[in-house]
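If you read the protein sequences in the order shown, they are chains A and B. Numbering of the first sequence is given in my numbering, commencing with residue 3 and proceeding in unit increments. Numbering of the second sequence is given in my numbering, commencing with residue 98 and proceeding in unit increments. A short write-up of the structure that comes next.
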Amino acid sequence: EDKVVQSPLSLVVHEGDTVTLNCSYEVTNFRSLLWYKQEKKAPTFLFMLTSSGIEKKSGRLSSILDKKELFSILNITATQTGDSAVYLCAVARMEYGNKLVFGAGTILRVKS
Amino acid sequence: NAGVTQTPKFQVLKTGQSMTLQCAQDMNHEYMSWYRQDPGMGLRLIHYSVGAGITDQGEVPNGYNVSRSTTEDFPLRLLSAAPSQTSVYFCASSYSGLAGGGEQFFGPGTRLTVL
C-alpha cells in the first residue's frame with residue numbers, strides 16, 4: 003500500500019529560526035514529489051521534485067529529493083510569522099490520470 | 098481564468114439529507130478529483146475522473162457518488178449524510194498525461210457540517 007509519512011507532525015519556532023520538514027514515501031511507480039502550503043484554505047503549490055539531488059529554491063524555501071532513500075526535505079530559513087501554515091507532502095505515480103498520495107502534513111507555527 | 102471553483106463554501110445538513118457539492122474548472126484539465134480533509138489526516142481521495150464519462154473510486158468512496166458529463170464539471174453527491182462526513186471538501190484538477198510532474202490545482206473548499 004502506498005504511504006507518505008511526514009515529520010514532525012507539528013513544531014513551534016521563533017522568527018528567524020531555520021526549520022527542516024521531512025517527508026518519506028513508499029509509492030510504486032514514482033513520478034514526482036510535491037510540496038504544498040496550506041493556510042486555512044486551499045493548498046497552494048510550492049515545489050515539484052522529480053530528480054534526486056537537485057535543489058529547488060524559491061526565496062527562503064528550498065527542497066531536495068533523495069530517490070534512493072525515498073525521502074524529501076523542505077527547508078525554510080529566516081522564518082517569518084507568515085510561514086505559519088500546514089505543509090503537505092504528496093507523491094504522484096507514473097500512471098495515466100494523476101492520483102496523489104498525501105501525507106498528514108506538518109503544522110508549523112512561527113512565533114514573533 | 099477562474100481556475101477551480103467550488104460551491105457552496107459552507108453547508109450544514111441534518112443526518113439523512115442529501116446534497117451535491119459543485120466543482121468546475123476552466124483550464125481544460127482532463128483529471129479532476131475530490132478530497133476530504135480531516136484534522137491530522139491530510140487529504141484523502143474520495144473519487145476521481147480522468148475525463149468525461151470516466152470515474153473511479155479513491156481511498157474513501159463510501160457514501161459518495163460522482164459523475165462527469167463534461168470536462169469542466171465534477172459534482173460530488175452525498176446520498177444520505179452522516180455525522181462522519183463532517184469535513185472540509187476540496188476539488189482539484191490537473192492534466193492527465195504522463196508528461197509533466199503532476200501538479201494539481203485546488204478549489205477553495207467546502208466546509209460541511211452534518212448534525
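The C-beta atom is built at its ideal place from N, Cα and C for all residues, glycine as well.
At a cut-off of 8 Å between beta-carbon atoms, residue 107(B) makes no contact with chain A. At least one CB atom of chain A sits nearer than 8 Å to the CB of residue 187(B). Shown here, residue 83(A) sits in a helix according to DSSP, grouped into three states.
DSSP places residue 103(B) in the strand class (E or B) of the three-state scheme. Taking 7 Å as the cut-off between beta carbons, the residues of the segment 88-110 of chain A near chain B are 90, 94, 96, 98, 99, 100, 101, 102, 104, 105, 106 and 107, in sequence order. Within chain A, no residue has its CB atom less than 7 Å from the CB of residue 124(B), the nearest being about 13 Å off. Taking 8 Å as the threshold, the shortest C-beta distance from residue 204(B) to chain A falls below it. Its Cα nearest to that of residue 69(A), the residue 34(A) stands out among 34(A), 8(A), 110(A) and 14(A).
For residue 209(B), no chain A residue has a Cβ inside 7 Å of its Cβ, as the nearest lies near 15 Å away. Taken atom to atom, the span from the alpha-carbon of residue 64(A) to that of residue 31(A) is near 25 Å. One finds nothing in chain A with a Cβ atom closer than 9 Å to the Cβ of residue 118(B); even the nearest lies about 14 Å away. Distances from the CA of residue 180(B) to each of 101(B), 98(B) and 115(B) were compared; the closest alpha carbon is that of 115(B).
Under the criterion of beta carbons closer than 8 Å, residue 201(B) and residue 72(A) do not qualify as touching, at roughly 21 Å. Scanning chain A for C-beta atoms nearer than 9 Å to the C-beta of residue 176(B) yields nothing, as the closest lies near 23 Å away.
Residue state for residue 9(A) is assigned as strand, using DSSP reduced to three classes. Per DSSP, the beta-bridge partners of residue 24(A) are 9(A) and 75(A).
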